[in-house]
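Enquirer: Provided herewith is a single structure, encoded as structure tokens, for subsequent inquiry.
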Amino acid sequence: MDAAQQASSNVVDWDQRWSNEARRKQMPTLQGIVSKYQGAPGIIGMHGGLPPADTFPFAAFDCSLQKSSSSSSSSSSDAAAVKEGSLEVADPGLVAAAQQYNMHAKGYPLLQSWARDIVCELHQPATLKCSTSNHNHSSSNTAAPAQQQQQQQQQQQQQAIGLDVAITPGASAALDAVARVLLNPGDAVLLEEFTYNHHAEAHLLPMGCELLPVPMDGQGLLPSALDAILSQRQAAGLPLPRLLYTIPTGQNPTGSVMSPGRMAAVYALAVKWDLAILEDDAYFWLQYPAGPGDVPGLNLRPGFLSMDVDGRVIRIDTLSKLLGPGYRLGWLAGPPALVAKVSLYIAAVSVGASSLSQVLIYQLLSRWGREGLAAYVRQLQMRYARTAAVAEAAAAQHLADIAEWQPIRAGMFMWVKIKGEGVDASPLMELGALERSWW
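Each residue of the sequence shown is one higher than the last, beginning at 60 in the working numbering.
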């Protein structure tokens, strides 16, 4: 079955998946009006309670940029591309926007546009042919007429599904919002047997969700185990889950990395069982499959969006591991209906991400450009790859007889398994903490 046929028969209808809360939630009337006309030329706002810009305390922002972290192992071109000096924001409109309410449900428009472009560039979403001004990959079509017609039909179907992106106040807020708009108390959720405990303990369990752990290996969750769990529930007459939560890159806490083949197998099962995939890719930027000697920069293995012909993938990115967690910024990408609903929830809860963070970070990314971003990412990857190599060498020297692990190829976690049946490493952790030797 080709992508066009698959898309035409399996496109996800998100209106059938909303939680009870999401069905009731609407954009507040006044907020909708203010958002629509905020910043429109010739409009004087006399509503909404927005403080006047001339009452804000800051007239400009002048931020000193960190000196390049490049070392002898970083190329001189990378060091040059990551511009040092200062980042000055003095334009009155930008300075005011940085101190005003975030009145755009999907985030500061310039940053949102940047995020959409980077998603299209790095993941080439199957639901949308990216044609941004900076990333036009069009080429002459020499296919036969019948094949051209099929390609045109496929493009029309993909465009009908579409893709949207919204800025979020970090990944945790996005994870909570997705759970709120898709899950009701008691709903079952599939997730890796070892997973990001904050999402499970702070979001899913308090909602009363049933957690269905899927066994893993060195490449993440096992497709055969996923299929078996769903088959067993179906045979037992139990409600089937409709959401799979996964961390495919540098998985927290195991460090596993899904290969493209493993991802394709998982996606095929998502189609078979009509699952939505919640892809939490916080460590996407920290890929270093060949070690510190050859880091990929922006030539990264794409995520599930690259194969999503049905509009069933919800992708969450964060700047926490790329630039810093204190900015509380990330973005969510997926089908427009889903992104709109999640944006509505986030706007209602927190009025969206910090305006100050959004304006300053966009100015930084704009100053860097793609070349500067790629250079910065390479430096970051090299830093983590070197640290991983040191950790593996230390483990080989001191733990080889009592433990096993797999090579670290992404992220910031090394999963060490103590050999032997029924061995509990918890006392070692307590001892290390008490002696203040490690944690």
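Yeah, the Cβ is synthetic: ideal placement off N, Cα and C, and Gly gets one too.
1) When you compare only the Cα positions, how much space is there between S402 and D276?
2) May I have the straight-line CA-CA distance separating L336 from F363, to the nearest angstrom?
3) What is the rounded straight-line gap between the Cα of M322 and the Cα of A259?
4) Check each candidate in W464, P282, Y304, A407 and name the one with the smallest Cα separation from P87.
5) Tell me whether T254 is buried or exposed, calling it buried when 16 or more other Cβ atoms sit within 10 Å of its Cβ.
6) Does the distance from the CB of V398 to the CB of D235 come in under 8 angstroms?
7) Count the other CB atoms, across all protein chains shown, that sit within 10 Å of the CB of K95; report buried if there are 16 or more and exposed otherwise.
8) What does R374 pair with, by DSSP beta-bridge criteria?
9) How many Å lie between Q158 and A112 at the Cα?
10) Looking at the unbroken alpha helix (DSSP H) that takes in T446, where does it start and where does it end?
11) Within the chosen definition, does the region 455-469 reach the region 303-322 through at least 3 CB pairs nearer than 8 angstroms?
12) By Cβ distance, which residues of its chain are closer than 6 angstroms to S197, with the 5 residues on each side in sequence left out?
13) What is the DSSP secondary structure of A469, reduced to helix, strand or coil?
14) Taking the DSSP output, what are the residues bridged to Y255?
15) Roughly how many angstroms lie between the CA atoms of A396 and V237, to the nearest whole one?
16) Decide if P298 is buried, meaning its Cβ has at least 16 other Cβ atoms within 10 Å, or exposed.
17) By the three-class DSSP mapping on this structure, what secondary structure does L153 have?
18) What distance in whole Å lies between the Cβ atoms of Y342 and K380, which are believed to be in contact at a cut-off of 8 angstroms?
19) For F120, I'd like the list of residues in its chain whose CB is within less than 6 angstroms of its CB, leaving aside the five on either flank, ordered along the chain.
20) Tell me the DSSP bridge mates of T227?
21) P351: which of E480, T446, V248 sits nearest, CA to CA?
22) Could you check what DSSP says for L263 in three-state terms: helix, strand or coil?
23) With the cut-off set at 8 angstroms, would you say T227 and L415 are in Cβ contact?
24) With distances taken Cα to Cα, identify the nearest neighbour of A81 among Q440, L357, A247, L242.
25) Is the Cβ-Cβ distance between G393 and R374 less than 8 angstroms?
26) I need the straight-line Cα distance from G470 to R442, nearest angstrom please.
27) Quick check on this structure: which residue in Q293, V325, L303 has the alpha carbon closest to the alpha carbon of S283?
28) Taking the C-alpha atoms as reference points, what is the distance between A448 and A349?
29) Name the DSSP beta bridge partners of L271, please?
30) List the whole-angstrom C-beta distance separating N69 from A412, where the pair is believed to meet the contact cut-off of C-beta under 8 angstroms.
31) Which same chain residues end up closer than 8 angstroms to L334 when comparing Cβ atoms and leaving out the 5 residues on each side of it in sequence?
32) Hey, how far is the Cα of V507 from the Cα of H457?
33) Please confirm whether Y421 and W173 have their CB atoms less than 8 angstroms apart.
34) Does any C-beta atom of chain D lie closer than 8 angstroms to the C-beta of P394?
35) In whole angstroms, what separates the C-alpha of T308 from that of P100?
36) What first and last residue would you give for the alpha helix (DSSP H) that runs through Y326?
Expert: On the basis of the data shown:
1) One alpha carbon belongs to S402, the other to D276, and they sit about 35 angstroms apart.
2) One detail in the question is off: residue 336 reads as Ile in this sequence, not Leu. Computed Cα separation, rounded: 8 angstroms.
3) In a straight line, the C-alpha of M322 is about 22 angstroms away from that of A259.
4) A407
5) buried
6) no
7) exposed
8) E338, A392
9) 8 angstroms
10) Run containing T446: 414-457, per the alpha helix (DSSP H) assignment.
11) As far as the Cβ criterion goes, the region 455-469 touches the region 303-322, which means the pair count is three or higher.
12) Unreliable positioning characterises S197 in this predicted model, as indicated by a pLDDT of 38, which lies under 50. A coordinate reading is not provided.
13) In the structure shown, the three-state DSSP call for A469 is strand.
14) Beta-bridge pairing links Y255 to no other residue.
15) 12 angstroms
16) exposed
17) helix
18) 6 angstroms
19) V148
20) In DSSP, T227 forms a bridge with G389.
21) T446
22) It is helical.
23) no
24) L242
25) Between G393 and R374, the gap from beta carbon to beta carbon is short of 8 angstroms.
26) 11 angstroms
27) V325
28) 11 angstroms
29) L249
30) Wrong, their Cβ atoms sit about 33 angstroms apart, outside the cutoff.
31) L249, P300, R301, L302, L303, L328, R371
32) Absent from the structure is residue 507, since the part of the chain shown begins at 60 and ends at 498.
33) The answer is yes: Cβ separation under 8 angstroms.
34) Among the chains of the structure shown, chain D does not appear; only one protein chain is present.
35) Taking C-alpha positions only, T308 is separated from P100 by approximately 44 angstroms.
36) 319-331
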